[in-house]
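Chemist:
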Amino acid sequence: MMNFERQTTRRLHEEHVAVVDLLGRFEQAMVGYRDPPLVGDDQWRSIARDLGAGIRGEIEHHFDFEEQSLFPRLEASGDGTIVQILSDEHSIIRQVASELGGLLQISLSEQFEGAEWRTLKMLGFEYVERMISHIQKEEMALLPALENILGDDDDAELVLDYAG
Ligand SMILES: [Fe+2]
Ligand SMILES: [Fe+2]
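According to the numbering used here, the sequence shown is numbered sequentially starting from 1.
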């Protein structure tokens with residue numbers, strides 16, 4: 001695992017690690033149900049809530065920050081190609097996330113039948129795969145490039161901004 005020197009890159013890296021962990025738990029949960037989980041199943045409710053909250057909360061915040069505060073800096077320093085790839089991935093992931101988030105929410109109050117459960121699983125696996133591949137790209141390309149272009153002041157300002 002890479003070591004990052006900047007606060008901003010460390011913070012993003014920590015979030016990537018946390019998201020990969022959440023995605024792993026979500027994938028495990030999906031694999032564990034042959035039949036649709038019962039609407040009152042606590043284990044399902046807990047992971048569906050966690051992922052749903054992640055999609056609407058930290059993950060959304062993280063994407064916004066990358067797009068608004070980091071991608072323009074990278075573009076300005078000549079890393080436009082990677083920015084284009086990562087931005088395109090964000091918009092696809094956002095689309096999958098919004099459909100998946102909607103289904104997760106419904107699964108908390110309505111009993112899913114086979115077809116709905118299969119749709120949820122299909123979207124769920126797609127989300128997991130796309131996110132993991134996106135995070136790997138950012139760990140390999142985005143964070144190292146940022147390490148090279150962020151000065152001390154920039155870094156301090158960005159990490160404060162991000163904290164809110
Ligand atoms: Fe990203
Ligand atoms: Fe990221």
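From the three backbone atoms N, C-alpha and C, an ideal C-beta is built for every residue, glycine too. This structure is a prediction, so every number in the text was calculated from the model and none was measured.
For Asp155, I'd like the list of residues in its chain whose CB is within less than 6 angstroms of its CB, leaving aside the five on either flank, ordered along the chain.
Modeler: Arg6, Gln7 and Thr8
Chemist: Is the beta carbon of Gln105 less than 7 angstroms from the beta carbon of Gly52?
Modeler: The answer is yes: Cβ separation under 7 angstroms.
Chemist: Measuring straight from C-alpha to C-alpha, what distance separates Pro37 and Met131?
Modeler: 24 angstroms
Chemist: Does the beta-carbon of Glu66, which I'm using as the reference point, lie nearer than 6 angstroms to any heavy atom of ligand 1?
Modeler: Yes - ligand 1 has a heavy atom lying nearer than 6 angstroms to the Cβ of Glu66.
Chemist: So, for Arg45: in the same chain, excluding its five sequence neighbours on each side, which residues have a beta-carbon less than 7 angstroms away from its beta-carbon?
Modeler: Excluding residues within five positions, the ones whose Cβ falls inside 7 angstroms are Leu108.
Chemist: Cβ of Glu138 versus every heavy atom of ligand 2: is any distance shorter than 6 angstroms?
Modeler: yes
Chemist: Pairing CB atoms from the region 155 to 164 with CB atoms from the region 115 to 125, are three or more of them under 8 angstroms?
Modeler: no
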